[in-house]
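> Quick one: the structure is below, questions incoming.
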Amino acid sequence: GIQVEQSPPDLILQEGANSTLRCNFSDSVNNLQWFHQNPWGQLINLFYIPSGTKQNGRLSATTVATERYSLLYISSSQTTDSGVYFCAVGLAGTALIFGKGTTLSVSS
Amino acid sequence: DAEITQSPRHKITETGRQVTLACHQTWNHNNMFWYRQDLGHGLRLIHYSYGVQDTNKGEVSDGYSVSRSNTEDLPLTLESAASSQTSVYFCASSVGMNTEAFFGQGTRLTVV
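First to last, the protein sequences are chains B and G.
For the first sequence, our numbering begins at 499 and goes up steadily by one.
For the second sequence, our numbering begins at 644 and goes up steadily by one.
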């Protein structure tokens, strides 16, 4: 089956710093989503981005489908950005397969 | 507002008991999914459905079953709960193939 690898596994930042999270996948995908799991366990949709670039406030994402990777950029990080960031991908007609996540800790 | 809700949010059960976790969505989405989340494994797919009367096995389906009798609900049943099924369970839905999926709040199940 398709492999989804996220890096780095852990990231520690000071408030105000920028970061880039990466998601590599092993096959062509028809669906790619980024999620943030907050400390209360809730999964929050960040981006639906099977290709191209999107921005939402301090967050942006880029997926280069032909090279099988996606990047999530967080600028001017805040303590509320802490949590686990998941990349999930889907092949044509299949359910989402998740990577193991990047755990982000932002300190003030 | 349309939403997806799971119940109960927390449950403790004994080994060998049958347990059913509920998932209800009001978006009229065709697709519904169940995942479990365990430390070190991320989220893994248990079962999914692409419409009424359709069910499919995912990566970790042993010991679980689902049924889809209407569009809104996809209950997950543990036939005989085992300690290895202690986990956090998430339900999700999407309108169609390869469209954006939305997740419920999760159910924390403990099997003792």
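Here a beta-carbon is modelled for each residue, glycine too, at the ideal position from N, C-alpha and C.
Going by the C-beta, is Leu688 (chain G) closer than 7 Å to any heavy atom of the ligand NAP?
Summarising the ligand content, the structure contains no ligands, and the ligand NAP is consequently not present.
> Roughly how many angstroms separate the alpha carbons of Ala593 (chain B) and Tyr571 (chain B), rounded to a whole number?
Position 95 of the first sequence holds residue 593 (chain B). Position 73 of the first sequence holds residue 571 (chain B). Spanning the two alpha carbons is a distance of roughly 25 Å.
> Between which two residues does the beta strand (DSSP E) carrying His690 (chain G) extend?
Locating residue 690 (chain G) in the second sequence gives position 47, where the first residue counts as 1. Note, His690 (chain G): beta strand (DSSP E), Gly685 to Gly694.
> In its own chain, which residues sit with a C-beta less than 6 Å from the C-beta of Asn522 (chain B), not counting the 5 before and 5 after it?
What you label residue 522 (chain B) is simply residue 24 of the first sequence in a count that begins at 1. Cβ neighbours of Asn522 (chain B) beyond the five flanking positions: Glu503 and Tyr567.
> Would you be able to state if there are at least three C-beta pairs under 8 Å between the segment 704 to 719 of chain G and the segment 666 to 683 of chain G?
yes
> Considering only their Cβ atoms, is the gap separating Ser580 (chain B) from Pro548 (chain B) smaller than 8 Å?
The residue given as residue 548 (chain B) occupies position 50 in the first sequence. The residue given as residue 580 (chain B) occupies position 82 in the first sequence. No, Cβ-Cβ distance for Pro548 (chain B) and Ser580 (chain B) is not below 8 Å.
> Flag Tyr567 (chain B) as yes if its beta-carbon sits less than 8 Å from any beta-carbon of chain G, otherwise no.
Here residue 567 (chain B) refers to the residue found at position 69 when the first sequence is read from its first residue. Output row for Tyr567 (chain B): interface = no.
> Looking at the structure shown, is Glu565 (chain B) part of a helix, part of a strand, or coil, going by DSSP?
Here the question's residue 565 (chain B) lines up with position 67 in the first sequence. Note: Glu565 (chain B) maps to helix in three-state DSSP.
> I'd like to know whether the C-beta of Phe596 (chain B) is nearer than 8 Å to at least one C-beta of chain D.
Structure shown: chain D not included; protein chains present are B and G.
> With a 10 Å radius around its C-beta and 16 neighbouring C-beta atoms as the bar for buried, classify Arg660 (chain G) as buried or exposed.
The residue you call residue 660 (chain G) lines up with position 17 of the second sequence. Arg660 (chain G) comes out exposed.
> Three Cβ pairs or more, each shorter than 8 Å: is that satisfied between the segment 511 to 526 of chain B and the segment 594 to 606 of chain B?
yes
> Along the chain, where does the beta strand (DSSP E) that runs through Asn621 (chain B) open and close?
For chain B, the structure presents residues 499 to 606; residue 621 (chain B) sits outside this window and is missing.
> From Asn533 (chain B) to Ser723 (chain G), what does the alpha carbon distance come to, in whole angstroms?
Counted from its first residue, the first sequence places residue 533 (chain B) at position 35. Counted from its first residue, the second sequence places residue 723 (chain G) at position 80. The residue you asked about is not Asn; residue 533 (chain B) is Phe in the sequence shown. Using only the alpha carbons, I get a separation of about 32 Å.
> Reducing DSSP to helix, strand and coil, say where Gln553 (chain B) ends up.
Residue numbering aside, residue 553 (chain B) sits at position 55 when the first sequence is read from its first letter. The answer is strand: DSSP assigns Gln553 (chain B) an E or B state.
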